[in-house]
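Everything below concerns the one structure shown next.
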Amino acid sequence: MSLTSEIFLPREDGSRHILGMAEDPRPDGTDLAGPESWRTKVWGSPSIRRIGARFLPALVDVHQSDGHVEAEAEADGDVVTPGQIPAFLDEIALVRAELTRLATETCSPDRTVEQHARHIESRLDAIEASARYARRLGGGLLIW
């Protein structure tokens, strides 16, 4: 299972309209934000928090219940609102600047740090492209 970045448009009633496949012109695969394991191992890791990231770790709060991992949205922690997109793009730049550190601290034994860094960078590229597209539409971003 993979994490995906989804673009939403806010509705007048406060709800969110998540763009469906017919409405979302992004090429297949550009919505991928990394493997499910990255929810805690990369994007929610202590390492990314030490770097100073606040959006990526808060996008989805995960807890275990009866052996099942569940995503829990609290106080819009799972959402980058339209007004937060510029700050989120700044955070992506911050993470890019510390990419080697993040890759070194979160790399699994079956990969090299360089491989892991390239994988993180490719997912950052996709997340950034999604955020920029959301900004053009006046929308926000979910990663789940």
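In terms of the numbering used here, the sequence shown opens at residue 23 and continues consecutively.
For each residue, glycine too, the CB sits at the ideal point set by N, CA and C.
Do residue i and residue j have their CB atoms nearer than 8 Å?
i, j, result
"L124", "I149", "no"
"Y155", "R48", "yes"
"L31", "L159", "yes"
"V64", "T128", "yes"
"T26", "D53", "yes"
"G114", "L164", "Correcting the residue type first, residue 114 is Ile in the shown sequence and not Gly. Going by C-beta atoms, I114 is not nearer than 8 Å to L164."
"E120", "I73", "yes"
"I220", "S152", "This structure does not reach residue 220, given that the chain is present from 23 up to 166, and the question cannot be answered."
"L81", "D100", "yes"
"P57", "S24", "yes"
"I107", "R38", "no"
On a CA-only basis, which of the options is nearest residue i? Give me that one, please.
i, options, result
"L116", "T128, T134 and R76", "R76"
"G161", "S59, R71, L41 and A139", "L41"
"L78", "A109, S37, D50 and G36", "A109"
"T122", "I107, H138 and T62", "H138"
"W166", "T62, Q106 and T126", "T62"
"R118", "S144, S130, W60 and M43", "S144"
For residue i, which beta-bridge partners are listed by DSSP?
i, result
"F30", "I40 and G162"
"L25", "G56"
"V135", "Note: V135 sits in no beta bridge, so no partner."
"V102", "L163"
How would you write the range of the beta strand (DSSP E) that residue i sits in, first residue to last?
i, result
"A55", "L54 to P57"
The alpha helix (DSSP H) that contains residue i, what's its start and end?
i, result
"W60", "W60 to K63"
"L124", "L121 to T128"
"S67", "It is not in any alpha helix (DSSP H) - S67 carries neither H nor E in the DSSP assignment."
"A80", "F77 to A80"
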